[in-house]
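Take a look at the structure below.
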Amino acid sequence: MEERRASKRCGGVLPFIIGFLATCVLGWAVIPGLFFDKVEQPVWFSHAVHVDGQGMDCESCHYFRDDGSYAGFPTNEVCAECHAVDPEEAMEAIAEAGIDPSDYDAIMKAEIGAIEDNLASGDDDMMAAEREYVVKYLIQGKEVPWLNYQFQPDNVYFSHAAHKDMTIEDMAELKKELSDVVDPSVFEAEEFPEQNCNLCHMKDIHLNDVPPAFQRNILSGYSKMTMKMWKCERCHALKGQPNACYTCHK
Ligand code: HEC
Ligand code: HEC
Ligand code: HEC
Ligand code: HEC
Ligand code: HEC
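Those letters in the sequence shown? Residues 655 to 904, per our numbering, in order.
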């Protein structure tokens, strides 16, 4: 009897501590992760292959239209400059081979000459990715639904044009004040890049060979990488820019 009571007392504290620690781990480490789904970009597109390898400028794919609006992601029209598979010819060849044009696997297996003879890639992995892009999107006349890591809710108004004259060099003097907003290492480059994308986007995404996974909040559908309101406001306050609600919410 005596013994049982003693062990009970001891057993009362330990489970409490274990339970407390487990709750902490769940709350801090596990549960926040559960709210995010990792989604891959629809096509393996390598910035390294195109920027470093092909010497392309950012502006070939990410540019302002003549009316000042931002084109954002590139369309097939840009890619077709080099990925010169003729969609009409390819679709005809697919029909002749008796393949359903939406049966992508069958098209890829059939080794259609109008496609295979016009692929640009030098090695097998790249060729597989390029073939997938060509078969699923380019010849079908479908744009790639690229995932926007910075995807903002509809009620937020953001304009690249409003930020186009802002440079990393200008912001470098605010390195300390902006340390929660912009990764401080962005300001430590020996020579500042002309592009200011690193101030808001994932650092150096243009050096990537593999696009990072998009982390989607399973409740809201929004991206984990989206710039939070306080970050926009912090920089605006430091730069004497307006922070009235209607500046960013229309
Ligand atoms: C051949 C076209 C092409 C070129 C050239 C190119 N990009 Fe991209 N860029 C893309 C595509 C496609 C995506 C979307 C898929 C991905 O993230 O890889 C993208 C995504 C991005 C994003 C992420 C946008 C988001 O959703 O947050 C940034 C930032 C970016 N590019 C910066 C650059 C910079 C800087 C350069 C020049 C050094 C550059 N890109 C050159 C095609 C291009
Ligand atoms: C300036 C010419 C050029 C443009 C424009 C271009 N590509 Fe490419 N792309 C190439 C070449 C060349 C290769 C093969 C590179 C190699 O073998 O080293 C390639 C390879 C690829 C590959 C396989 C390697 C990888 O990145 O995964 C894919 C997929 C691809 N391109 C998609 C696209 C898409 C999508 C666009 C438009 C957003 C585009 N390309 C625009 C020239 C271009
Ligand atoms: C001041 C912050 C900021 C800077 C600087 C910036 N971006 Fe963005 N970018 C954003 C935000 C915020 C979004 C999301 C907009 C939305 O979803 O409405 C975005 C979206 C994008 C998108 C995808 C969606 C689209 O179609 O607009 C691309 C591509 C992109 N940016 C490329 C770039 C490139 C390339 C640079 C550098 C030349 C750059 N951005 C500089 C904040 C910025
Ligand atoms: C790193 C600093 C920085 C960040 C981050 C930033 N901005 Fe800005 N923003 C500026 C500056 C500087 C200007 C003024 C640029 C100019 O006038 O040349 C500006 C201007 C604007 C304007 C135009 C204001 C007007 O008077 O019409 C809007 C809208 C805006 N930002 C929205 C946003 C939103 C939304 C975000 C977050 C997703 C954001 N900004 C993030 C620095 C920043
Ligand atoms: C400099 C730009 C900017 C200004 C100024 C601004 N917002 Fe926002 N707001 C954002 C962005 C970006 C988001 C989306 C990202 C997020 O949820 O943090 C947002 C999201 C929100 C949301 C949704 C929050 C959520 O988590 O879903 C509310 C509500 C909101 N803002 C209210 C306001 C009010 C009220 C004001 C004025 C006091 C204001 N905002 C000023 C940029 C701004």
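Cβ atoms here follow ideal geometry from the backbone N, Cα and C, with glycine treated the same way. Computed from a predicted model, the values in this text were never measured in an experiment.
Asked                                                                                                                                         : Found
Run the proximity test for SER813: is its beta-carbon closer than 7 Å to any non-hydrogen atom belonging to ligand 4?                         : yes
May I ask you to report which of helix, strand or coil DSSP gives VAL798?                                                                     : coil
By how many angstroms is the C-alpha of LEU801 removed from the C-alpha of GLU887?                                                            : 25 Å
Does any heavy atom of ligand 3 sit closer than 7 Å to the C-beta of ILE854?                                                                  : The sequence shown places Cys at residue 854, not Ile. Because some heavy atom of ligand 3 lies under 7 Å away, the Cβ of CYS854 counts as near it: yes.
Using the Cα positions of ALA891 and VAL788, report the straight-line distance between them to the nearest angstrom.                          : 46 Å
Does ligand 4 have even one heavy atom less than 7 Å from the beta-carbon of VAL705?                                                          : no
Could you check if PHE718 is buried or exposed, using at least 16 other CB atoms within 10 Å of its CB as the buried criterion?               : exposed
Going by Cα to Cα distance, which pick from THR677, LEU853, GLN895 and CYS899 is closest to THR880?                                           : LEU853
Can you determine whether any heavy atom of ligand 3 sits closer than 7 Å to the C-beta of GLY726, and answer yes or no?                      : yes
Closest to HIS814 by C-alpha separation, out of ILE766, HIS704, SER723 and HIS701, would be which residue?                                    : SER723
Ligand 5 heavy atoms versus the CB of ALA898: any closer than 7 Å?                                                                            : yes
In the structure shown, what three-state DSSP assignment does TYR758 receive?                                                                 : helix
Starting from ASP691 and walking both ways along the beta strand (DSSP E), at which residues does that stretch end?                           : 690-693
If we ignore side chains and look at the alpha-carbon of each, how far apart do PRO896 and ASN850 end up?                                     : 20 Å
Could you check if GLN974 belongs to the surroundings of ligand 3, using beta carbon to heavy atom distance under 7 Å?                        : Here the chain comprises residues numbered 655 to 904, so residue 974 is not present and cannot be evaluated.
With a floor of 4 residues, list each alpha helix (DSSP H) that falls wholly inside the segment 722-780, ordered by position along the chain. : 730-733, 741-750, 758-764 and 767-770
Measuring only the C-alpha atoms, how far is GLU656 from PHE868?                                                                              : Low confidence applies to GLU656: its pLDDT is 48, below 50, so where it sits in the model is not reliable, and the reading given next is rough at best. Distance between the alpha carbons of GLU656 and PHE868 is about 59 Å.
Can you round the beta-carbon distance between ILE753 and ALA760 to whole angstroms, since I take them to be within the 8 Å contact cut?      : 5 Å
Skipping 5 residues on each side, what residues in its chain have a beta carbon closer than 7 Å to that of ASN871?                            : PHE689, PHE690 and LYS878
Just list the residues that DSSP pairs HIS903 with in beta bridges.                                                                           : VAL810
If you follow the alpha helix (DSSP H) that ARG888 is part of, which residue opens it and which one closes it?                                : 883-892
Grab the span of the beta strand (DSSP E) containing GLN869 for me, first residue to last.                                                    : 868-871
Would you check whether ligand 3 has a heavy atom nearer than 7 Å to the C-beta of MET879?                                                    : no
Quick check: what's the CA-CA separation for HIS701 versus GLU797?                                                                            : 18 Å
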